[in-house]
Amino acid sequence: MQFSPEVLIVLGPLFAAAFAGLLQRYIGDRIAQIITTASIGVSLALSWPIFLNFVWGDAHPYLIELFKFIDVGGFTSTWSVRIDSLSATMLVVVTTVSFLVHVYSWGYMAEDPHRARFFSYLSFFTFAMLALVTANDLLQLFFGWEGVGVASYLLIGFWYQKRSANDAAIKAFITNRVGDFGFALGIMLAFFCYHSIRYEDVFSAAAAHPNLMFGIGAFQVRAVEAVSFLLFIGAMGKSAQFFLHVWLPDAMEGPTPVSALIHAATMVTAGVFMVCRCGELFQLAPMAAGFVTVIGATTALFAATVGVAQNDIKRVVAYSTCSQLGYMFFAAGVGAYNAAMFHLFTHAFFKALLFLGAGSVIHGLHHEQDMRNMGGVRKPMPITWAMMIIGTLALIGFGIPAIGPFPGLGLAGFYSKDAIIESAFLSNGTGAQFAFWCGVSAAFLTSFYSWRLAFMTFEGAYRGSHGADHAHGHGKEGTAEPDAHSHGHGYEAHAKADGSAPAHESPWVMLVPLVVLAAGAVFAGIIFAPYFLGVHAEAFWRGVVPLHGEHEGALPTWVTWAPLTVTVAGFLLAVIFYLWNTGAAKALAKGPLWAFLYNKWYFDEIYDFIFVKGARAIGDLFWKVGDQKIIDGLGPDGVAASSRFFSRNLRKLQTGFVYHYSFLMLIAAVAFGAYAIWAGIGAPR
Amino acid sequence: MSDLMHLPWLTIVTFLPTAGALLILLARVLARGVEPGYDAAVRVLTLIFTIATFLVSLVAFAAFDSNAPGFQLVENVAWAFGFGYHLGVDSLSMTLILLTTFLTPLCILASWSIQKQVASYMILFLILETLMIGVFCAMDLVLFYLFFEGGLIPMFILIGVWGGQRRVYAAFKFFLYTLLGSILMLVAIVAMINIAHTSSIPDLIAYAQHVGFDPNVQIWLWLAFFASFAVKLPMWPVHTWLPDAHVEAPTAASVVLAAILLKMGGYGFLRFSLPMFPSASHFFTPMVFALSVIAIIWASLVAFRQADMKKLIAYSSVAHMGFVTLGIFSGTLQGIQGGIYQMLSHGIISGALFLCVGVVYDRMHTREIAFYGGLVNRMPVYAAVFMLFTMGNVGLPGTSGFPGEILSLVGAFQVNAWFVVAATTGVIFSAVYALTLYRKVALGNIENPKLGGILDLDGREWVTFVPLIVATLIMGLAPSIVLHFTEGAAQSIATAYAGGVTP
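Chains as they are written, first to last, in numbering that gives the first Met the number 0: chain A, 0 to 684; chain B, 0 to 502.
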């Protein structure tokens with residue numbers, strides 16, 4: 000047991016959370032805010048040097064072990080802080096975004112009566128996430144995994160009076176648990192096959208016995224395939240991948256800073272982190288890796304199509320997150336773990352920026368989230384607008400590819416996203432070509448929905464009717480049309496004379512985090528690309544994730560230019576529909592395809608029918624038929640009923656005549672004696 | 000110090016509560032009628048005796064050497080008919096005794112609101128504690144049986160007299176179910192004594208290891224014991240007495256029922272079935288696994304549909320006990336350790352959940368879920384406590400609910416992965432019913448005007464919960480402390496089982 004700065008990074012937020020949470024009645028909101036923010040600040044200040052030492056220094060991976068968590072017959076987990084380039088990357092991502100979100104929340108949550116509780120949850124989340132990324136075995140990973148899950152549950156349902164928030168929180172937790180079902184089985188199988196759950200032991204055993212089989216009877220698979228597959232099921236839940244994505248959009252019920260921190264920058268990327276951490280397993284498991292690729296690519300495209308048709312500003316960004324996570328996964332699936340991690344890194348900046356920017360707009364418009372009721376926000380909120388445009392450019396991956404001797408130049412997303420699309424093109428892994436085309440198509444849609452969001456929110460005339468009625472549906476129950484009729488009236492009365500929105504720019508405590516994140520969105524790519532992806536990648540990663548450097552050079556020009564081309568195309572399309580000819584957008588929104596996309600391919604309806612109603616029906620069946628009719632009916636109640644029946648009839652035997660009784664006794668004695676002799680009871684042994 | 004070590008600590012722990020009961024009885028006889036303040040004095044006296052029992056059990060714990068093999072603190076006095084008054088503990092029984100003595104004072108605190116015949120209630124509770132502790136330290140089969148069955152009677156009366164509206168039905172159902180199983184066990188006990196010519200449990204274990212019961216006989220003996228323990232635990236399909244008993248029982252009786260009486264079933268499997276009938280245990284493992292998996296899925300889904308808070312938690316107990324049997328009958332070290340851990344953790348968490356129900360029941364006199372809603376608005380501290388134990392029930396890592404679950408599954412996985420795949424769905428279902436319950440009771444706005452004046456936890460309730468909160472978190476974050484302690488017993492059971500399976 001030793002104490003060190005690395006331990007403080009992880010445990011500091013826990014103590015701050017406990018302090019703020021347990022003593023909130025006595026210390027008040029202000030002190031709770033200061034304590035939690037300061038502790039994250041300390042973690043931040045301690046994390047960056049560690050990370051930069053991997054980037055520019057010559058740090059080696061190291062491990063700090065605290066004490067045994069569980070140790071039963073080789074099933075051993077130790078509370079650890081593992082530091083290598085992978086966890087160091089996550090440390091700076093988590094602490095940076097968390098710190099900025101803490102600061103931002105000072106402004107965003109200023110009116111909330113439960114600020115101390117909010118900051119306590121935020122810090123607890125940060126602790127769990129840090130414990131997750133610094134784990135040295137699968138069980139601590141699982142601990143952090145569930146810890147961030149419960150923090151997410153608490154924060155989505157932070158406004159506990161709202162039924163929709165509570166339902167979203169439960170949905171998030173349960174969907175994640177479906178993933179954890181796979182994760183837990185993966186841990187068990189890893190222990191069963193490799194007799195350990197420590198990363199190094201598992202990876203080296205898997206590498207030493209790559210063809211170890213697992214199965215019963217005719218069902219036999221390679222163990223490493225099965226372990227990788229099961230672990231990925233966990234990642235699908237946490238990172239909201241296709242089939243298990245349904246919770247993420249609903250998670251937007253939480254306060255916006257939470258969406259930025261948990262449901263964009265950090266927690267949802269835990270699945271990507273896990274796949275990269277276990278890259279040495281997926282490396283050996285082409286089928287599982289192919290599955291990762293296909294699911295990731297499908298998610299990237301699917302979520303982008305749904306994002307196109309959403310009206311709630313946060314939901315658009317949420318689907319965008321889902322889609323970008325898909326990119327990260329198919330990058331990992333095709334073996335480009337470094338590209339996946341780099342996209343995770345850059346995405347954290349620009350997606351947190353977009354969420355906090357959206358939060359600023361929502362704040363400025365007094366909690367209006369429906370883009371149909373926005374418009375004309377640029378003028379009253381110029382800084383927010385500028386930051387959102389930077390975020391948008393970074394998200395769509397704007398940049399000029401390398402031409403001849405000139406290196407490419409662009410915003411953060413350009414470096415990471417193009418690297419992913421190119422890796423998919425060059426890979427000959429299962430599903431890689433599918434992933435490439437999904438990636439390119441999704442890039443087109445990303446550009447379209449991002450600009451749609453920017454135009455609908457900031458440009459044109461204000462369409463809202465502030466304070467008039469709040470009975471309108473918030474996206475979820477609303478109609479599929481981008482311009483609901485109910486809001487047609489009265490907006491001119493509320494909009495300012497020049498058509499701009501009656502909004503106010505957010506306070507500086509909210510804007511400064513935006514500016515910092517915008518700086519990251521602009522520069523994170525150009526500064527760190529050489530270390531994550533380029534010439535210094537070997538030195539940076541030091542074998543923590545498998546690298547495939549041999550791809551360079553074989554890339555056709557059209558592949559290099561494809562992302563930029565589709566991005567510009569998406570931009571132009573958005574300009575046409577949402578700036579020049581808004582009537583066309585309304586016409587588009589009346590079509591059945593739009594309704595299909597708006598309703599998210601009807602996943603919620605299908606799941607509700609199968610799982611929710613199914614569970615209720617089976618539960619009732621087991622209870623009312625199984626327990627009450629069959630088990631109790633045949634068991635105790637049946638016995639009771641029949642004994643009542645017999646006792647009624649036996650009563651007739653109670654005649655009251657002594658000789659009847661004595662006669663019965665005689666018969667019984669004879670019968671018993673006969674049985675004893677027959678059975679040999681009492682005979683000498 | 001060495002003189003202290005030789006005191007008969009187990010006897011003291013076991014019968015100290017009875018001494019308290021006698022004292023109350025004596026006071027009652029002397030007082031001849033109810034004097035003002037009598038009930039209050041009885042409560043305090045009972046609390047003092049149960050706390051003293053806990054302290055003495057800590058002394059016994061201190062005198063116990065977890066590194067030494069076999070049974071310790073042994074007391075063996077010849078008794079009637081050749082049966083011995085024979086007590087002893089290993090680390091398994093030591094932890095269960097500690098669980099019992101730890102929870103009983105909290106139950107007494109939770110019974111403060113009992114107004115009806117306080118003295119009788121407390122006397123029964125004290126006797127019940129003696130019988131429960133006795134079960135775990137009895138080292139003679141007949142003595143074990145007496146304690147095991149004796150526990151039925153006070154519980155029967157507690158439910159039947161202090162229970163809810165359908166208390167008589169519930170009490171009889173409870174009594175008949177458990178008695179039926181026990182009679183079969185009695186027959187098996189007689190048979191075992193006849194075969195092995197001893198009623199001493201350590202001798203029987205040694206006999207099983209060195210001579211061994213005939214495999215064909217083992218089958219019957221195993222089944223007879225199984226009938227008793229399966230009802231007690233309870234396993235599917237003999238579980239339906241539990242929800243009824245819980246619903247009707249007063250809060251503290253529910254706590255004891257869930258936390259300790261159920262554990263006697265698991266204890267029995269570990270003490271008798273596995274080490275004494277290893278080949279039969281091995282033979283029946285698929286059946287036990289199947290019943291466990293059915294219990295987990297079935298009870299979870301049924302719990303999801305309950306409208307009564309206690310019934311929901313009772314069904315969740317059935318599901319959690321499924322993990323216990325899964326772990327125990329894997330026969331692996333991880334599984335047995337997981338089973339033991341799950342029993343301890345369930346003792347604390349389900350006990351605490353029943354106390355949580357008791358808190359609002361005391362205020363509103365209903366357990367109907369639909370009656371509540373939005374409690375967090377009026378009772379934030381209660382809501383936080385309830386949240387913690389809900390998460391424990393869900394098996395969240397960091398609470399005591401997690402290590403037992405994962406270890407049981409890891410152990411069982413090594414025997415049969417397919418059953419474990421099915422059982423692991425329990426981690427999904429537990430979240431479904433537990434979080435739904437929490438939402439319906441604690442979250443949202445207060446819709447029911449009757450809840451408008453409901454008050455948060457008072458000092459007594461807070462004192463009741465704090466030890467449970469601390470235990471849940473310590474057992475969740477540093478389970479290796481407990482696991483290290485129980486490893487000796489778990490290892491010897493696993494060894495005995497493994498030795499008997501492969502002759």
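Virtual Cβ for every residue (Gly too), placed ideally from N, Cα, C.
With distances taken between CA atoms, Val210 (chain B) lies nearest to B:Pro274 out of B:Gly443, B:Ile348, B:Met474 and B:Pro274. Annotation for Phe433 (chain A): Val293 and Ala296 place their beta carbon closer than 7 Å to its own, counting only its chain and skipping 5 residues before and after. DSSP, reduced to helix, strand and coil, places Gln413 (chain B) outside both helices and strands of the structure shown, so it counts as coil. For Met390 (chain B), the closest Cβ of chain A is nearer than 8 Å.
Taken in chain order, the whole alpha helix (DSSP H) runs of length 4 or more contained in the stretch 112-172 of chain A are 114-132 and 137-155. Counting the other Cβ atoms within 10 Å of the Cβ of Glu110 (chain A) gives fewer than 16, which makes it exposed.
By the rule that beta-carbons nearer than 8 Å mark a contact, Lys416 (chain A) does not touch chain B. Of all residues in the stretch 322-343 of chain B, only Leu332, Gln333 and Gln336 come within less than 7 Å of chain A when Cβ atoms are compared, listed by chain position. For Phe66 (chain A), the uninterrupted beta strand (DSSP E) run begins and ends at Tyr61 to Val71, by DSSP. Using a CB distance cut-off of 8 Å, Gly443 (chain B) counts as an interface residue toward chain A.
At a Cβ-Cβ threshold of 8 Å, Leu332 (chain B) and Gln490 (chain B) count as neighbours. Taking C-beta atoms as the reference points, Trp8 (chain B) and Ala59 (chain B) count as a pair closer than 8 Å. Using a Cβ-Cβ cut-off of 8 Å, Val409 (chain B) counts as an interface residue toward chain A, since at least one Cβ of chain A sits closer than that to its own.
In the assembly as shown, Pro48 (chain A) is an exposed residue. Its beta-carbon has fewer than 16 other beta-carbons within 10 Å.
What Lys67 (chain A) touches in chain B, judged by beta-carbon distance under 7 Å, is Ser479, going in chain order. Under the DSSP assignment, Trp560 (chain A) falls in the alpha helix (DSSP H) whose first and last residues are Thr556 to Val574. When only Cα atoms are considered, Gly338 (chain B) and Ile152 (chain B) end up about 27 Å apart. Assigned with DSSP and collapsed to three states, Pro396 (chain B) falls in strand.
Non-local beta-carbon contacts of Tyr61 (chain A) in its own chain, meaning distances under 7 Å to residues more than five positions away in sequence, involve Ile82 in chain order.
In this structure, the beta-carbon distance from Gly412 (chain A) to Gly332 (chain A) does not fall below 8 Å.
Look at Arg377 (chain B) here: in three-state DSSP terms it is helix. Following the DSSP letters along the chain, one finds Ile215 (chain A) inside the beta strand (DSSP E) bounded by residues Met212 to Ile215. A straight-line Cα-Cα distance of about 31 Å links Gly325 (chain A) and His59 (chain A).
With a contact defined as Cβ atoms closer than 8 Å, Gly569 (chain A) and Leu444 (chain A) qualify at about 7 Å.
Secondary structure of Leu364 (chain A) (DSSP, three-state): coil. Not a single CB atom of chain B sits nearer than 8 Å to the CB of Gln240 (chain A). The straight-line gap separating the alpha-carbon atoms of Ala287 (chain A) and Ser278 (chain B) is approximately 40 Å.
A residue is called buried when at least 16 other Cβ atoms come within 10 angstroms of its Cβ; Arg176 (chain A) meets this threshold and is buried. Collapsing the DSSP output to three states places Asp139 (chain B) in a strand. In summary, Gln368 (chain A) is buried, with 16 or more beta-carbon neighbours lying within 10 Å of its beta-carbon over all protein chains present.
In the structure shown, the three-state DSSP call for Leu86 (chain B) is strand. For Ser291 (chain B), the enclosing alpha helix (DSSP H) has its first and last residue at Pro277 to Phe303. Scanning its chain for C-beta atoms nearer than 7 Å, with the 5 sequence neighbours on each side dropped, one finds around Ala430 (chain B) the residues Val393, in chain order. With a threshold of 8 Å between beta carbons, Thr177 (chain B) makes no contact with chain A. Here DSSP, grouped into helix, strand and coil, assigns Val102 (chain A) to helix. Arg176 (chain A) reaches chain B at Val426, Ile427 and Ala430, counting residues in chain order whose Cβ is nearer than 7 Å.
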